[in-house]
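S.K.:
In full-length UniProt numbering, the protein residues as written are 1 to 117.
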């Protein structure tokens, strides 16, 4: 039986806190097959992934999707990432700020994930 998004998010949070690979309370990676098996689903739907991520975001976590894996992390796990300087953002600024390119506005809570083909 497939797990609900709330149940799956809870499992991912508990795994984040578990000790493995010599660390605990740290970002971790899992495969699509592992995620599917834990979710109890034959196929991972975009809506389901969005729901899991929404629950995680509400608890300070995030589900990052890649072609072959997922990463479960907290905001603090990215302390070593570089901040884009304003001068570089300005250099690559688009010509027409009012053009609609299909990206949701900042106030929209919509997050799109690609599904495995």
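In this text, a Cβ means the ideal position worked out from N, Cα and C, and glycines have one as well.
1. How far does the alpha helix (DSSP H) with residue 35 in it extend, from its first residue to its last?
2. In angstroms with no decimal places, state the Cα-to-Cα distance between residue 2 and residue 55.
3. State the start and end residues of the unbroken beta strand (DSSP E) segment that holds residue 62.
4. Compute the Euclidean distance between the alpha carbons of residue 116 and residue 71, then round it to the nearest angstrom.
5. Between residue 65 and residue 15, what straight-line distance do the alpha-carbon atoms span, to the nearest angstrom?
6. Considering only residues of the same chain and omitting the five flanking positions on each side of residue 61, which have a CB-CB separation below 8 Å?
7. Within 8 Å (strictly less), CB to CB, does residue 28 reach chain C?
8. Cutting at 8 Å between CB atoms, please list the residues of its own chain near residue 32, excluding the five before and the five after it.
9. What residue from 40, 83, 29, 21 has the CA that sits closest to residue 5's CA?
10. Going by other Cβ atoms of all chains shown within 10 Å of its Cβ, with 16 needed for buried, is residue 88 buried or exposed?
11. Which class does residue 73 belong to by DSSP, given the choice of helix, strand or coil?
M.R.: Answer, in terms of the structure:
1. Its alpha helix (DSSP H) spans residues 32-39.
2. 17 Å
3. 61-65
4. Because residue 116 carries a pLDDT of 49, less than 50, the predicted location of this residue cannot be relied on, and no value is offered for it.
5. Counting only the Cα atoms, residue 15 lies some 17 Å from residue 65.
6. For residue 61, same chain residues with a beta-carbon under 8 Å away, outside a window of 5 residues either side, are 9, 12, 13, 16, 72, 73, 74 in chain order.
7. Here there is only one protein chain, and chain C is not present.
8. 44, 68, 69, 70, 116
9. Comparing Cα-Cα distances from residue 5 to each of 40, 83, 29, 21, the minimum goes to 40.
10. exposed
11. strand
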